[in-house]
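Visitor: First the structure, which I've put down as structure tokens, then a few questions once you've had a look.
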Amino acid sequence: MSVRVRIAPSPTGFAHLGTASTALYNVLFARKESGTFVLRVDDTDVERNRPEYEQLIYESLRWLGLDWDEGPDKGGPYEPYRQSERVDVYRQEAARLIKDGKAYRCYCTPEELEAERKQAQLEKRPYRYSRRCLKNSPEGRSVFAVRFQVPGGEVRFTDMIRGEMKFDTDLIGDFIIMKSDGYPVYQFASPVDDAVMKITHVIRGEEHLSNTPYQLMLIDALGYERPHAYAHMPLILAPDGTKMSKRKHPEMNLALYREQGYLPEALLNYLALLGWNPGTEQEIFTFDELVHAFSFDRVQHAGARFDWEKLNWLNGEYIRKLSDDELAARLRPFLPQLDEETIKKAVPPLRTRMHKLAQAVDYLDYLWTDPQPPALETETTLRLRSAIDALKDVPWEPDRIEAALEKAVEESGVSKGKFYTPLRDVLTGKKVALPIHYGFYLLPKDVAMFRLHRATNIPD
Ligand code: GLU
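Residue numbering for the sequence shown follows our numbering, beginning at 89 and increasing consecutively.
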């Protein structure tokens, strides 16, 4: 069997973490099995789809390095890969089901259906469509939806994480597969495409577990071969253990990680470990190692809580492993105000102090914004003057600056902390900053000296 997997994101909002995580597991499995990874765009919700959201999905997945083999922008043997362009396929398949007596036209109005639902509520029984239009459809109406006639009985399938699953479908009422606007519902379009596109393994979020029996009934009714297996990956939960919501949890938005300077390879590593464990102590994996180590039997069943601390730790580890040049290159987009040279100089002290690249801005923005000169006590002013004297003839190299300052500290008779705090203040205006000698070194000498002079009220 040649493995074919897919993701089917909906372009209805920003690209989110769940999409990245599902894509990762699909790619890991596809690479391990030398299979094909398909990107199918689930854009049947005509009202909420936006082409720019589709672009965001592409960009985010590419940023993560999770490239696909077939997709709307790439083509492939089963194109088109955008569901909005496949509506004819769904209409034909719905017509086939009607012809075979496995689906029927439903002319009920939303008000009539609501009345049925209310009645069921009153009678305290679970609601199922009454099959009114199957038995005795109203005359003279032209607007209809298509309903699948649920055959009932048990649906069984293999879940690669949960093992053998079985669902009793007797409780499922006949459900709509094509809406009255002529568009399919997700529950119909998705299994049709999975079958037509010869998907062998459906790997998706746990929220779809309860959809699988619906989709399998449809695949069976259409006479297609079923995908070989399904895998329903644990939900990613918010740090407080609640369900993530786009509105309340910024961690849902993939753009955030890019903006904050999480390295894509670190985020992938983190996402792999969120919900899966390798069964060893190893926590840092290259992509190839993940491909090799990943297996569904080590995926947890319970939801996986997002853990910033762990992500930050991992990202810091990845940052520390980059070469100087590589780290400088990754920092460049965060520091457009700085020239290449300065960024390179800043790399050594930054490397050990960052868990995300955006922190470089917090450390370095004093280079392009002039801090407010603080009011100083006389004693502090005198110390600043001794720093000026110590630095004035020093070649502008970090260790030379450090040595000169240390000497000045010694001569001052106060502690390093006491000596350096006002210096740091005058130079950077920051409480948390790089070591003081780097603070000086990264500024052009004349600018650094100017800031000291200005604070001591000595004309430079
Ligand atoms: N559009 C659905 C989602 O993003 C696809 C689910 C599926 O993979 O079947 O959740």
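The beta-carbon is built from N, C-alpha and C at its ideal position, and this holds for glycine as well. Given the structure is predicted, the values throughout are model-derived calculations rather than measurements.
Let me know the beta strand (DSSP E) ranges lying completely inside the segment 293 to 375, each 3 residues or longer, listed in chain order.
Guide: Fully enclosed beta strand (DSSP E) runs of 3 or longer: 317 to 321.
Visitor: Which class does arginine 256 belong to by DSSP, given the choice of helix, strand or coil?
Guide: The question names arginine, yet the displayed sequence has aspartate at residue 256. Aspartate 256 falls in the strand class under three-state DSSP.
Visitor: Indicate whether alanine 543 and leucine 464 have their beta-carbon atoms separated by less than 8 Å.
Guide: Contact: yes.
Visitor: In terms of DSSP beta bridges, what is isoleucine 95 paired with?
Guide: Leu127, per the DSSP bridge assignment.
Visitor: Measure how close the beta-carbons of lysine 495 and alanine 478 come, nearest whole angstrom, since I'm counting them as under 8 Å.
Guide: The pair is a contact, with the Cβ atoms about 6 Å apart (cut-off 8 Å).
Visitor: Kindly examine the ligand GLU and report whether one of its heavy atoms sits closer than 7 Å to the Cβ of aspartate 534.
Guide: Result no, Cβ not under 7 Å from the ligand GLU.
Visitor: Using the DSSP secondary-structure output, state which residues sit across from alanine 392 in a beta bridge.
Guide: Paired residue(s): Ile324.
Visitor: Does the Cβ of glycine 560 have 16 or more other Cβ atoms within 10 Å, making it buried, or fewer, making it exposed?
Guide: Outside the shown range of the chain, which is 89 to 548, sits residue 560, and nothing can be said about it.
Visitor: Near tryptophan 401, what residues of its chain come up, given a Cβ to Cβ distance below 8 Å and the 5 sequence neighbours on each side ignored?
Guide: Taken in chain order, the residues that qualify are His443.
Visitor: Could you tell me if the beta carbon of glycine 153 falls within a distance shorter than 7 Å of some heavy atom in the ligand GLU?
Guide: For the ligand GLU, not one heavy atom lies less than 7 Å from the Cβ of glycine 153.
Visitor: Given this structure, state the Cα-to-Cα distance separating threonine 330 from glutamate 147, to the nearest angstrom.
Guide: Near 28 Å, if we compare the C-alpha coordinates of glutamate 147 and threonine 330.
Visitor: To which residues of the same chain is threonine 107 closer than 8 Å at the C-beta, ignoring the five residues directly before and after it?
Guide: Once the five neighbours on either side are set aside, the close Cβ partners of threonine 107 are Ile95, Pro97, Ile145, Ser148, Leu149, Leu342.
Visitor: Near arginine 539, what residues of its chain come up, given a Cβ to Cβ distance below 8 Å and the 5 sequence neighbours on each side ignored?
Guide: Correct list, in chain order: Asp458, Pro459, Pro461, Val514, Leu515, Leu531.
Visitor: May I have the straight-line CA-CA distance separating threonine 430 from threonine 368, to the nearest angstrom?
Guide: Roughly 42 Å separates the two Cα atoms.
Visitor: Beta-carbon within less than 6 Å of proline 547's beta-carbon, same chain only, minus the 5 sequence neighbours each way: which residues are those?
Guide: With a pLDDT of only 45 at proline 547, under 50, the local geometry of the prediction cannot be trusted, and the value read off the model is given with reservation. Nothing listed; no residue qualifies.
Visitor: Taking the alpha carbon of serine 218 as the reference point, which residue from Gly228, Ser230, Gln209, Leu201 has its own alpha carbon closest?
Guide: Closest by alpha carbon: Leu201.
Visitor: Tell me, please, which residues DSSP counts as bridged to glutamate 272.
Guide: Rather than glutamate, the amino acid found at residue 272 in this sequence is proline. Its beta-bridge partners are Met266.
Visitor: Could you check how far apart the C-beta atoms of glycine 349 and alanine 434 are, in whole angstroms? I think they sit under 8 Å.
Guide: In fact, because the Cβ distance is near 14 Å, the residues do not count as touching under 8 Å.
Visitor: How far does the alpha helix (DSSP H) with alanine 233 in it reach, from first residue to last?
Guide: Premise fails: alanine 233 lies in the beta strand (DSSP E), 233 to 236, not in any alpha helix (DSSP H).
Visitor: Does the separation of the CB atoms of valine 280 and glutamate 181 fall below 8 Å?
Guide: In contact: valine 280 and glutamate 181 (Cβ atoms closer than 8 Å).
Visitor: Taking contact to mean 3 or more Cβ pairs, one atom from each stretch, closer than 8 Å, check whether the segment 165 to 173 and the segment 122 to 141 are in contact.
Guide: These segments touch.
Visitor: Which of helix, strand or coil does DSSP assign to aspartate 548?
Guide: A caution first: aspartate 548 carries a pLDDT of 42, below 50, which makes its placement in the model too unreliable to give a value.
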